[in-house]
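Single-structure report; data block below.
Residue numbers (my numbering): 1 to 276.
So this is what it looks like as structure tokens:
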């Protein structure tokens, strides 16, 4: 039986627009009473976006970086500062198997500039890349950085549960139709995705729900520690696992890389918000 005393408040939110993010922080912080906290926060905005050129936002990061990672990071930090995210809260970032690299593993760097240059797009303006930004590279790098950042946040905020969770390859989400790919390339990717296998929205969303609701007894025996990147064990569908159990996912367990990503993100995120 569903409760009848539930009310909903719509809060406009554009994770690529820093002013929109700050407004959302203020609205949520003021509308949630002092006796209450945010129990669960799912950060699912993003995807490839419609950008084909590595366009920069006002904060100096690419649209794909700001939408998928930076905007969410600002939101979370603001809600932590306003004490709406605290002990007992669960924060779930949307991850992706693409963050491990496809078909080859991403060779993650060991210096701060490497990660900063992914966020500001300079990593793609090289002779090796023919000075050309490609959405698939941007998407993979940012989704991988989300996994590192989630782990870093979990270590810094031990009272809050953090996880990066991939919904897997999910039908009817229109990920490839956001506008970042020319039609010919879009259909090539769509064909590859179909051949790789897909599951329904209920299965993909179910992974998020398991992470949000129950740390110890989800439908797949959810019991992952805070800071884990949870992804498909094989391919893009089916059983899930801790990404560090996979060969391509082992780097996500390296604390030095986690800290570099944390520092890179915070170099772009203005999070000094004051709540009285």
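No residue lacks a Cβ here, since even glycine has one placed at the ideal position from N, Cα and C.
(request) Ignore the nearest five residues each way along the sequence and tell me which others in residue 100's own chain have a CB closer than 6 angstroms to its CB. (result) For this step, residue 100 is matched to residue 100 along the chain shown. Excluding positions up to five away in sequence, the list reads 248, 249.
(request) Select from 18, 32, 111 the residue whose C-alpha is nearest the C-alpha of residue 58. (result) By 1-based counting over the chain shown, the position of residue 58 is 58. Checking every option, the nearest Cα to that of residue 58 belongs to 18.
(request) Within the same chain, show all residues whose beta-carbon is closer than 6 angstroms to that of residue 207, passing over the 5 residues directly before and after it, in chain order. (result) Numbered from 1 along the chain shown, position 207 holds the residue referred to as residue 207. The answer, listed in chain order, is 165, 167.
(message) For a minimum of 3 consecutive residues, which ranges assigned as the beta strand (DSSP E) are wholly contained in the stretch 72-107?
(response) 90-94
(message) On the CB-based measure, 16 or more other CB atoms within 10 Å of its CB, does residue 256 come out buried or exposed?
(response) Taking the chain shown and counting its residues from 1, one reaches residue 256 at position 256. So residue 256 counts as exposed.
(request) Can you say whether residue 97 is buried or exposed, counting buried as having 16 or more other CB atoms within 10 angstroms of its CB? (result) For the purposes of this step, residue 97 is taken as residue 97 along the chain shown, with counting starting at 1. Label assigned to residue 97: buried.
(request) Would you kindly work out how many angstroms separate the C-alpha atoms of residue 136 and residue 82, rounded to a whole number? (result) As a working note, residue 136 is residue 136 in the chain shown. As a working note, residue 82 is residue 82 in the chain shown. Each residue's Cα considered, the two are about 36 angstroms apart.
(request) Please determine if the stretch 143-161 and the stretch 67-76 are in contact, where contact requires at least 3 C-beta pairs separated by less than 8 angstroms. (result) yes
(request) Select from 229, 109, 224 the residue whose C-alpha is nearest the C-alpha of residue 264. (result) As a first step, residue 264 must be located in the chain shown, where it is residue number 264. It is 109 whose Cα lies nearest to the Cα of residue 264.
(request) Give the range of the beta strand (DSSP E) segment to which residue 165 is assigned. (result) The residue you call residue 165 lines up with position 165 of the chain shown. Start and end: 161-165.
(request) Return the Cβ separation of residue 112 and residue 260 in integer angstroms, given the expectation that the two are a contact with Cβ distance under 8 angstroms. (result) On the chain shown, position 112 is the one that residue 112 refers to. On the chain shown, position 260 is the one that residue 260 refers to. Going by Cβ atoms, the distance from residue 112 to residue 260 rounds to 5 angstroms, so yes, they are a contact pair.
(message) Suppose you measure from the CA of residue 219 to the CA of residue 211; what does that come to, to the nearest Å?
(response) Position 219 of the chain shown, counted from the first residue, corresponds to residue 219. Position 211 of the chain shown, counted from the first residue, corresponds to residue 211. Below a pLDDT of 50, predicted positions are generally treated as unreliable, and residue 219, at 45, falls in that range; the measurement from the model is reported next regardless. Using only the alpha carbons, I get a separation of about 10 angstroms.
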